[in-house]
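Structure record follows, encoded as C-alpha cells.
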Amino acid sequence: MLSRAAERVYWAGRYLERAENTARIVQKYAHLLLDLPSEVGLDWAELVRIVGAAESFEESGLPDDESAILQFLLADPKAGTSLAFAINMARENIRNLRDLLPHETWENVNELHRFAADNLGQAAAGTDQFEILGNCIERCQQINGTLIGTMSHNSPYHFLTLGQSLERADMTSRVIEVAATYIQQNERIIRRYGSTLWTNVLKSVSGFQMYRQYRQPQVIGIDVVDFLLRDQAFPRAIRFCVENARKSSAALPNSDHVCNALQRVQLELLGSPEDDTSAEDIDDLVDTLQVRLADVHLAIVDTWFLPREE
Amino acid sequence: MKFDSTEYLVGDFYDELVQSDGAARKHARSLVDYFSNMPAKELLERQHAADSTIVDMGISFTIYSEGDNIDRAWPLDIVPRVLSGTEWDRIEAGLIQRLRALNMFIDDLYNDRRIIKDKIVPADIIDSSTNYLQACKGVSPRYGVWANICGSDLVRDGDGTVYVLEDNLRVPSGVSYMLENRNVIKRVFPSLFRDHSVRPVSEYPTELSEMLESIAPASSDGEILEVVVLTPGIYNSAYFEHSYLARTMGVELVEGGDLMVGDDDFVYLRTIDGLTRVDTIYRRIDDTFIDPEVFRSDSTLGVPGIMRAWRAGNVALANAPGSGVADDKVVYSYVPEIIRYYLSEDAIIPNVPTWRCSDPAHLDHVLKNLPELVVKPANESGGYGMLVGPHATKAEHEEFRALLKANPRNYIGQPTLSLSTAPTLAGDTLQPRHLDLRPFILQGKDVEVTAGGLTRVAMRAGSLIVNSSQGGGSKDTWIVEDMD
Numbered sequence: 014m015l016s017r018a019a020e021r022v023y024w025a026g027r028y029l030e031r032a033e034n035t036a037r038i039v040q041k042y043a044h045l046l047l048d049l050p051s052e053v054g055l056d057w058a059e060l061v062r063i064v065g066a067a068e069s070f071e072e073s074g075l076p077d078d079e080s081a082i083l084q085f086l087l088a089d090p091k092a093g094t095s096l097a098f099a100i101n102m103a104r105e106n107i108r109n110l111r112d113l114l115p116h117e118t119w120e121n122v123n124e125l126h127r128f129a130a131d132n133l134g135q136a137a138a139g140t141d142q143f144e145i146l147g148n149c150i151e152r153c154q155q156i157n158g159t160l161i162g163t164m165s166h167n168s169p170y171h172f173l174t175l176g177q178s179l180e181r182a183d184m185t186s187r188v189i190e191v192a193a194t195y196i197q198q199n200e201r202i203i204r205r206y207g208s209t210l211w212t213n214v215l216k217s218v219s220g221f222q223m224y225r226q227y228r229q230p231q232v233i234g235i236d237v238v239d240f241l242l243r244d245q246a247f248p249r250a251i252r253f254c255v256e257n258a259r260k261s262s263a264a265l266p267n268s269d270h271v272c273n274a275l276q277r278v279q280l281e282l283l284g285s286p287e288d289d290t291s292a293e294d295i296d297d298l299v300d301t302l303q304v305r306l307a308d309v310h311l312a313i314v315d316t317w318f319l320p321r322e323e
Numbered sequence: 115m116k117f118d119s120t121e122y123l124v125g126d127f128y129d130e131l132v133q134s135d136g137a138a139r140k141h142a143r144s145l146v147d148y149f150s151n152m153p154a155k156e157l158l159e160r161q162h163a164a165d166s167t168i169v170d171m172g173i174s175f176t177i178y179s180e181g182d183n184i185d186r187a188w189p190l191d192i193v194p195r196v197l198s199g200t201e202w203d204r205i206e207a208g209l210i211q212r213l214r215a216l217n218m219f220i221d222d223l224y225n226d227r228r229i230i231k232d233k234i235v236p237a238d239i240i241d242s243s244t245n246y247l248q249a250c251k252g253v254s255p256r257y258g259v260w261a262n263i264c265g266s267d268l269v270r271d272g273d274g275t276v277y278v279l280e281d282n283l284r285v286p287s288g289v290s291y292m293l294e295n296r297n298v299i300k301r302v303f304p305s306l307f308r309d310h311s312v313r314p315v316s317e318y319p320t321e322l323s324e325m326l327e328s329i330a331p332a333s334s335d336g337e338i339l340e341v342v343v344l345t346p347g348i349y350n351s352a353y354f355e356h357s358y359l360a361r362t363m364g365v366e367l368v369e370g371g372d373l374m375v376g377d378d379d380f381v382y383l384r385t386i387d388g389l390t391r392v393d394t395i396y397r398r399i400d401d402t403f404i405d406p407e408v409f410r411s412d413s414t415l416g417v418p419g420i421m422r423a424w425r426a427g428n429v430a431l432a433n434a435p436g437s438g439v440a441d442d443k444v445v446y447s448y449v450p451e452i453i454r455y456y457l458s459e460d461a462i463i464p465n466v467p468t469w470r471c472s473d474p475a476h477l478d479h480v481l482k483n484l485p486e487l488v489v490k491p492a493n494e495s496g497g498y499g500m501l502v503g504p505h506a507t508k509a510e511h512e513e514f515r516a517l518l519k520a521n522p523r524n525y526i527g528q529p530t531l532s533l534s535t536a537p538t539l540a541g542d543t544l545q546p547r548h549l550d551l552r553p554f555i556l557q558g559k560d561v562e563v564t565a566g567g568l569t570r571v572a573m574r575a576g577s578l579i580v581n582s583s584q585g586g587g588s589k590d591t592w593i594v595e596d597m598d
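Chain order of the listed sequences is A and B. Numbering-wise (this note's numbering), the first sequence opens with residue 14 and increments by one. Numbering-wise (this note's numbering), the second sequence opens with residue 115 and increments by one.
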C-alpha cells in the first residue's frame, strides 16, 4: 500500500471522527446550558476550550458571544477546529481515495458536505440546531457503517481505524478535562447540579446509557472519569480506543515502534483513582495522556508515511 | 438509403458508412441494414441504455470550468464507425512506419544530429522548438525508442484519402474511452457482434503492460518489475484514464509525492512496507513538470531528481522526456522526408499539405489565403489557439494576421479539410456528423497498433470540433473483416 494512500485514509478516519464528535459536543453543550443557572459559571467560551479552539478563537478577534462562537465552531470553513472544516477535510481525503474506498463512501461524504454547507450557518444562528447537528452525526455514522460493513479489513481499513481511534481518544481526554473542572466547583453547586453536569459529560461522548447499565445508579464525578479513562468495553473510553489502535497497528508491517508508543499510553492508565484524587491529578494525567497520544501519531507518521532509505 | 423512413442525406462530404448515391458501403452493409430497420423509438431507447450504462460504469471525464472540477458522463453515440480490414491493414502499416521513423529521428536529434548535418531538417527549427530539451542530449533509451505511446490523429478528406493530422507523442489520452466504448456497445447491441467479425481491442492493457516492462532498465532483466502510472492527481482532466489504465494493468497509480530518488540515483516508491524500487514509470505529466530540479522549479507534481535517475539509465520513463520535439507542428511538415531519410521508404499515409510560416514564401501564401486555411500554433493541443479560416470572422482573421507576422515560426497553415462524416443520432434521426480517428501505437521492443482507435465526432451539424472538452462526442470504432 502506498504511504500517501495510507496517510489519506488515516486522516479521513480522523476528520470523520472529529466531525461527529464536534457536532455531538456542541449539541449536548447547548442542551446543558439550558438546564443550568448562570451561578454555575458555564458559558459558551467554555465550549471553545473543550474543543481545543481557545487559541485560534482568540486570534480571530471575534467577540465571545453565543452567535460568534457557534459560527466559529460550526460554520466557519476556514477555522481549523470547526465542524465545517472537519467535513471539508474528510471529503477531500475521501475524494482522493475513490479508487480505494467503497464508492458509496464518496457519495455519502459528498451529501454530508452539501448538507453542512447548506445548513450549518442556520444551526449556528440557533435555528433547528439540535436537528441539524443530529443529522450531521447520523450521516457520519452512516459513512462509518458503510466502511465497517463493506470494506475489506486489511491495510487501508487498519489505517482508518487508527485515525479514528486516536481522534476518539483525544476527544474523550478533552471531555475528561472538563469533568475535572466541574469537580473543582464548590460543594453547594455540586450538590445541586452535580448529577446534571456528569450526565452531560457522559452524553457528550454518547456514554450515558452505557455508564448507567454497567456502573452504579448514581452518576458520581470520579467514577465518570474512571469510566471514560479505563473502561474496557465502552468504545469511547480511552483504554478501549488505545487497545483498538494497537490491534490495527499489529496487523500492519513494521509496527513495533507504534505498538510501543501505544503501550506507553496504556501504562498511564494503570490503577484506579482514589476518592481523594484531586482535579489537579486528573489534569496532570490528561496532559500526560495527550502528550503520549501525540507521540503515537508521530510514530505512525514516521513508520508508514515517511519511509526512508535504510 | 433510409433510417426509419427518413432519408439519410450524405452531404458534400465523404461518409464512412454510406456512399454518395445513398447505398451502404460494402464493408458497412449489414450494419447499415441493421440500423435502417430500427424504428426511431428503439434507437432512442438504445441510446438511453448506452447513456445509463456509462453513468453506472462511472465512465467520466473532467472539465475545469470557473474554478470547479466537474465530472461529466462520457458522450458516446451508439452507431459504430466502421472501417474495412483491408484499408485498416494499410493504415496500420503506415502508423508503424511513421512511429519507427519518428523515434529514429528523436534519437538522432539528441545524439548525432545526422539529419541536420545532412540538411534534411534545418537546425533552427529544432533548436528553437520549446520541446527540444537540452537535458535530454546524449541519452539513448532502450531500443532507441523515445515515444513509446503515440496517439496519431487521422482524418479523411472529401476524396476518401486518409491523412495524419498530427502525431501526439507527449501524453496522448483517450485509449480508456476506446476500450469502454466497446464495452458499452457490446452490452447495448450484443447481437450485432455475433453477426459481424469485429477485431477486438481488449488486449490493449496487456500490450501496454508488456511494452512498459520491455523498456525497463537492462539491469532489472530477469527480476520482478515494478511499473507505475504517474498522474498529476484527481484534478487532471484525464484522471479517469490514469486510474483506469493502472487498474486494468494491475499496477500502482502514483503521484509525484509517492516517488523519491535515492542517493544511488534509483527511483523508489514510498509504501507502508518501506521503499520499493521502480523500473518503469508511465508518466502522464508534461515534460516541464516532471522534475523541479531540471525544469519548472515550482512544479509540485513531479519528482526531484528523476531526470538524474533517467539519464543514468536507472529508470525508464514513457514517453521519454523530450519526445515532444517531434510533435511540433512545424516538424510535422517534415515527416515524409524524415521517413524517407531513415527508412528509405515513401510515407504510406500522407501528411496534410502544410505551409510553414517560418518560410517567407509560405507565410505570404498563408496571409493571402487566410479565409480558406486552417492556422495552428506549433505547440498547442486540444484544438486551442487555432483559426479555422472559413468559420472565422473578419476580426479573427485580422487578429491572426498580426499573430503570424509577430511570430511566424510558431505557426503553420493547412488547407481546410472536408472531414468525413458518419450517421450519428441527433434528436431522433440519424444525421451525418464530422469525425476523426485516434489510433494508439505502442513501441518498445515491438510495435503494436490498436485495431481502430477512438473515433471522436462533432455533435453539432457542420461543426468540425471533436474535442470532448468542447462538446464533442465519440463512437465505437470497428475494423471488420472483408467478406466475399
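Virtual Cβ for every residue (Gly too), placed ideally from N, Cα, C. These numbers come from a predicted model, not from an experiment.
Item: List the endpoints of the continuous alpha helix (DSSP H) containing residue 281 of chain A.; Value: 269-281
Item: Could you check if residue 342 of chain B belongs to the surroundings of the ligand FAD, using beta carbon to heavy atom distance under 6 Å?; Value: Ligands are entirely absent from the displayed structure, and the ligand FAD is therefore not among its contents.
Item: Inspect the beta-carbon positions of residue 41 of chain A and residue 213 of chain A and report whether they are closer than 7 Å.; Value: yes
Item: Report the residue ranges of all alpha helix (DSSP H) runs contained in full by the stretch 225-253 of chain A; include only those spanning at least 4 residues, in chain order.; Value: 234-243
Item: Relative to the C-alpha of residue 174 of chain B, which candidate in B/292, B/200 and B/218 has its C-alpha closest?; Value: B/292
Item: Enumerate in chain order the residues of its own chain whose CB-to-CB distance from residue 587 of chain B is below 6 Å, with the five nearest sequence positions on each side excluded.; Value: 189, 191, 571 and 573
Item: Below 8 Å on the Cβ atoms is my contact criterion, and I expect residue 524 of chain B with residue 491 of chain B to pass it. Report the Cβ-Cβ distance as a whole number of Å.; Value: 6 Å
Item: Quick check: the Cα distance between residue 515 of chain B and residue 288 of chain B, rounded to an integer number of angstroms?; Value: 33 Å
Item: Counting pairs of Cβ atoms below 8 Å between the stretch 394-404 of chain B and the stretch 429-438 of chain B, do you hit three or more?; Value: yes
Item: With a Cβ-Cβ cutoff of 7 Å, do residue 384 of chain B and residue 393 of chain B count as a contact?; Value: no
Item: Scan the stretch 259-310 of chain B and note each continuous alpha helix (DSSP H) run of 4 residues or more that stays entirely inside, going in chain order.; Value: 289-302 and 304-309
Item: At a Cβ cut of 7 Å, what residues of the stretch 171-201 of chain A count as close to chain B, listed as they run along the chain?; Value: none
Item: Which bits of chain A does residue 366 of chain B rub up against, with CB to CB less than 7 Å?; Value: 15
Item: From the DSSP output, which residues share a beta bridge with residue 432 of chain B?; Value: B/396
Item: Please go through the same chain and pick out, in chain order, the residues whose beta-carbon is closer than 8 Å to the beta-carbon of residue 187 of chain B, but skip the five residues on each side of it.; Value: 165, 168, 169, 173 and 174
Item: Look at the alpha carbon of residue 313 of chain B and the alpha carbon of residue 594 of chain B, and state the distance between them as a whole number of angstroms.; Value: 6 Å
Item: Would you mind telling me which residues of chain B sit closer than 9 Å to residue 112 of chain A, beta carbon to beta carbon, in chain order?; Value: 357, 360, 361 and 367
Item: Thinking residue 31 of chain A and residue 180 of chain A are a contact (beta carbons under 8 Å), I'd like their distance in whole angstroms, please.; Value: 5 Å
Item: Against residue 371 of chain B, what residues of chain A qualify as contacts under a CB-to-CB distance less than 8 Å, listed in chain order?; Value: 17
Item: Can you find a C-beta in chain A that's less than 7 Å from the C-beta of residue 173 of chain B?; Value: no
Item: Is residue 232 of chain B buried or exposed, if buried means 16 or more other CB atoms sit within 10 Å of its CB?; Value: exposed
Item: Along the stretch 367-401 of chain B, what residues have a CB closer than 8 Å to any CB found in chain A?; Value: 367, 368, 369, 371, 372, 376, 377, 382, 383, 384, 385, 386, 387, 388 and 389
Item: Rounding to the nearest angstrom, what Cα-Cα distance links residue 582 of chain B and residue 353 of chain B in this structure?; Value: 14 Å
Item: Name the chain A residues whose beta carbon is nearer than 9 Å to that of residue 348 of chain B?; Value: 108, 109 and 111
Item: Run the CB neighbour count on residue 428 of chain B, radius 10 Å, all protein chains shown included, and call it buried at 16 or more, exposed below.; Value: buried
Item: Measure the C-alpha to C-alpha separation of residue 175 of chain A and residue 99 of chain A and round it to an integer number of angstroms.; Value: 17 Å
Item: Assuming residue 321 of chain B is part of the alpha helix (DSSP H), what are its boundary residues?; Value: 318-328
Item: In chain B, what lies closer than 9 Å to residue 265 of chain A by C-beta?; Value: 386
Item: Using a C-beta to C-beta distance shorter than 7 Å, which residues of chain B count as neighbours of residue 168 of chain A?; Value: 386
Item: Quick check on DSSP: helix, strand or coil for residue 56 of chain A?; Value: coil
Item: What residues in the stretch 303-317 of chain A have a beta carbon less than 9 Å from any beta carbon of chain B?; Value: 316 and 317
Item: If you follow the alpha helix (DSSP H) that residue 174 of chain A is part of, which residue opens it and which one closes it?; Value: 168-196
Item: Out of curiosity, what's the CA-to-CA distance linking residue 314 of chain A and residue 21 of chain A?; Value: 11 Å
Item: Just how far apart, CA to CA, sit residue 159 of chain B and residue 301 of chain B?; Value: 13 Å
Item: Listed in chain order, which residues of the stretch 238-269 of chain A have Cβ atoms closer than 8 Å to some Cβ of chain B?; Value: 265, 266 and 267
Item: Pick out whichever of A/200, A/321, A/142 and A/187 has its Cα sitting closest to the Cα of residue 238 of chain A.; Value: A/187
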